[in-house]
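Scroll down for the structure; my scribbles are underneath it.
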Amino acid sequence: MPTNFTINPAVEAILVELEVQRKHISSTNIKGWGAILVGVISIFVAASFGGLIIGLITGGAIIIYGIVVLNKIAKEAAIYKRRFKNDVIGAALRNIDPNLTINPNDGISETEFRFSQLFPTTPDRYFTEDLITGKIDKTSFYFAEVHAEYKTETQTKNGKQTHWHDILKGIIFVGDFNKHFNGITIIRPKDFGASLGAWFAKNVYSFGDKNVVELENDEFNKNFVVYSNDQIEARYILTPALMERIGVLNQRCSNTISLSFINANMYIAFPLAKNYFEPPIYKTLLKPNLLDEDLSVLSFMHDIVHELDLNTRIWTKA
Amino acid sequence: MIIVPIIVIAFVIIGIGMYNSLIGKKNQVTNAFSAIDVMLKKRFDLIPNLVEVVKQYTQYEGDTLTKITELRGKAMGANVSEADKLALDQQMGAAVKGLMVSVENYPDLKANTNFLNLQSTWTESEEQIAAARRNYNATVTTYNNAVMMFPSSIFASMLGYQTMSVLESTAEERQNVNAKDLFNS
Numbered sequence: 075m076p077t078n079f080t081i082n083p084a085v086e087a088i089l090v091e092l093e094v095q096r097k098h099i100s101s102t103n104i105k106g107w108g109a110i111l112v113g114v115i116s117i118f119v120a121a122s123f124g125g126l127i128i129g130l131i132t133g134g135a136i137i138i139y140g141i142v143v144l145n146k147i148a149k150e151a152a153i154y155k156r157r158f159k160n161d162v163i164g165a166a167l168r169n170i171d172p173n174l175t176i177n178p179n180d181g182i183s184e185t186e187f188r189f190s191q192l193f194p195t196t197p198d199r200y201f202t203e204d205l206i207t208g209k210i211d212k213t214s215f216y217f218a219e220v221h222a223e224y225k226t227e228t229q230t231k232n233g234k235q236t237h238w239h240d241i242l243k244g245i246i247f248v249g250d251f252n253k254h255f256n257g258i259t260i261i262r263p264k265d266f267g268a269s270l271g272a273w274f275a276k277n278v279y280s281f282g283d284k285n286v287v288e289l290e291n292d293e294f295n296k297n298f299v300v301y302s303n304d305q306i307e308a309r310y311i312l313t314p315a316l317m318e319r320i321g322v323l324n325q326r327c328s329n330t331i332s333l334s335f336i337n338a339n340m341y342i343a344f345p346l347a348k349n350y351f352e353p354p355i356y357k358t359l360l361k362p363n364l365l366d367e368d369l370s371v372l373s374f375m376h377d378i379v380h381e382l383d384l385n386t387r388i389w390t391k392a
Numbered sequence: 546m547i548i549v550p551i552i553v554i555a556f557v558i559i560g561i562g563m564y565n566s567l568i569g570k571k572n573q574v575t576n577a578f579s580a581i582d583v584m585l586k587k588r589f590d591l592i593p594n595l596v597e598v599v600k601q602y603t604q605y606e607g608d609t610l611t612k613i614t615e616l617r618g619k620a621m622g623a624n625v626s627e628a629d630k631l632a633l634d635q636q637m638g639a640a641v642k643g644l645m646v647s648v649e650n651y652p653d654l655k656a657n658t659n660f661l662n663l664q665s666t667w668t669e670s671e672e673q674i675a676a677a678r679r680n681y682n683a684t685v686t687t688y689n690n691a692v693m694m695f696p697s698s699i700f701a702s703m704l705g706y707q708t709m710s711v712l713e714s715t716a717e718e719r720q721n722v723n724a725k726d727l728f729n730s
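The listed protein sequences derive, respectively, from chains A and B. Each residue of the first sequence is one higher than the last, beginning at 75 in our numbering. Each residue of the second sequence is one higher than the last, beginning at 546 in our numbering.
Below is the structure:
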């Protein structure tokens, strides 16, 4: 992957133009937040000198001014963000593969997220963006950023408190799998609960999950627990070669991935620490390594088709 | 005081679970073997069509085609043990692989849609059989562990259960990319 991607003259010109917009947004943001801060301080200062009413009037006016400024710039910031994604990330995608396209406002729907069965928990709050689609030879694929959360509530002396927990913050990749299958096969990271369930399934009848698939690859079994409603089909999908490849793919990620094979597709969830494909507001757009992290994620996703050998179409599925 | 009956009940429940689990594992082995049989039959059913299509385009492969047809006849015959069936399938697989190599000399056959479909289906069946064999071996290993390991070994000896042997992995399973090689050879 070329790290000097921004040297591309067309992209360079867009970045220069966006940099002007970015500076305006960042300075206006500072102005708006500054006004709110000054407003709050003036209320406190006036109140301490006994002029609360005057403080509230002048301070309130300054705060309202700050809010109006921030509100106005928010629209411009949205346009700036959209242009960055469409024009800069879009160009980066075309640089990797001309078939790749981005739709910043689209994503992987919550219905599809649930349908994929990648995670056992149902989300209470769901957000998705930056849908990227492509096709390499015979394999169509798409991926998008997803943030799915569930909530827990605790009773405190101040009332009910809601806590939000991540189910997934990262990217879901969906690819057309190269073999026909009818059942459902799910590969989840091995945690304590999954290991215990697998042990009961193996040793005590009527307890635990009977759909656990015991595979021969010890390294694979160390990281994952496999569930399927068809033991033979699970092994037909998870050949020794594919298990090796999934292991290699997993090693390249800092958190264990989850996979599922449903309805002709392969779903892979990659937990990631940050929100990708976002333009900076308070840092310059013109630094040479601006897109390095985004580009490395994009090429990683693009390489999955080759890594997992999804283009080998020697079976009856064309 | 109440703890004693709870512990006894827990032991009884776990004991029943282990007893049922052992029987379930034995049944799974039987099912897994039947699954291999079903896959083999599916594969053997491809042979007549494959032979017919290849015959139309080739002149010098008569011996191979006769051999493949004979092997199929033997495998489909009555009173063939499962072990023999698997051995015949391996011989048949090797003969078909040889035939696929010879196909390189017949460009018309290589371009024939029927042949290409049969070739893909054959490859698919090969991997399905490999998967069924792996499944059989996994169920046998789980069953053997239950028969040999304490405490389920107590129930195994009560039921007279013996350990079973796993199927040896075929060259295809060891290489596992052979399907691709078949096309590139």
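For each residue, glycine too, the CB sits at the ideal point set by N, CA and C. Predicted model only: the values in this text are computed from it and were never measured.
Around the beta carbon of Thr684 (chain B), 16 or more other beta carbons sit within 10 angstroms, so the residue counts as buried.
For a cut-off of 8 Å, the C-beta gap from Ser334 (chain A) to Gln191 (chain A) is around 5 Å, short enough to register as a contact.
Membership of Pro593 (chain B) in any beta strand (DSSP E) is not indicated; the residue belongs instead to the alpha helix (DSSP H) covering 591-602.
By the Cβ-count criterion, Pro172 (chain A) is exposed, with fewer than 16 other Cβ atoms from all chains shown falling within 10 Å of its own Cβ. When DSSP states are grouped into helix, strand and coil, Thr684 (chain B) belongs to the helix group.
Remark: three or more beta-carbon pairs, one from each stretch, lie closer than 8 Å, so the region 307-326 of chain A and the region 252-263 of chain A are flagged as touching. Between the C-alpha atoms of Asn657 (chain B) and Ala677 (chain B) there is a straight-line separation of about 30 Å. DSSP places Pro263 (chain A) in the uninterrupted beta strand (DSSP E) bounded by 259-263. Arg188 (chain A): member of the alpha helix (DSSP H) spanning 184-190, first to last residue. As the crow flies, the alpha-carbon of Gln601 (chain B) is around 24 Å from that of Asp634 (chain B). Annotated three-state conformation of Asn177 (chain A) is strand, per DSSP. Between Gly106 (chain A) and Lys357 (chain A), the alpha-carbon positions lie close to 18 Å from each other. For Lys361 (chain A), the secondary structure class from DSSP, reduced to helix, strand or coil, is coil. Judged by DSSP in its simplified three-state form, Lys225 (chain A) adopts strand. For Glu615 (chain B), no Cβ of chain A is located within less than 8 Å of the residue's own Cβ. In the assembly as shown, Lys149 (chain A) is an exposed residue. Its beta-carbon has fewer than 16 other beta-carbons within 10 Å.
When DSSP reads this structure, Trp238 (chain A) sits in a beta bridge with A:Lys225.
Excluding five sequence positions before and after Phe374 (chain A), the CB atoms of its chain that fall closer than 8 Å to its own CB belong to Arg326, given in chain order.
Taking CB atoms only, Tyr301 (chain A) has no neighbour in chain B less than 8 Å away. Below the 7 Å Cβ cutoff, chain A contributes no neighbours of Glu649 (chain B), its closest Cβ being approximately 16 Å away. Exclusion of the five residues before and after Glu223 (chain A) leaves Pro197, Asp198, Arg199, Trp238, His239, Asp240, Ile241 as the residues of its chain whose Cβ lies within less than 7 Å of its Cβ. For the region 667-700 of chain B, the set of positions with a beta-carbon nearer than 7 Å to some beta-carbon of chain A reads Thr668, Glu669, Glu672, Gln673, Ala676, Ala677, Arg679, Asn680, Ala683, Thr687 in chain order. Interface residue (Cβ-Cβ distance to chain A less than 8 Å): Ala580 (chain B) is classified as such.
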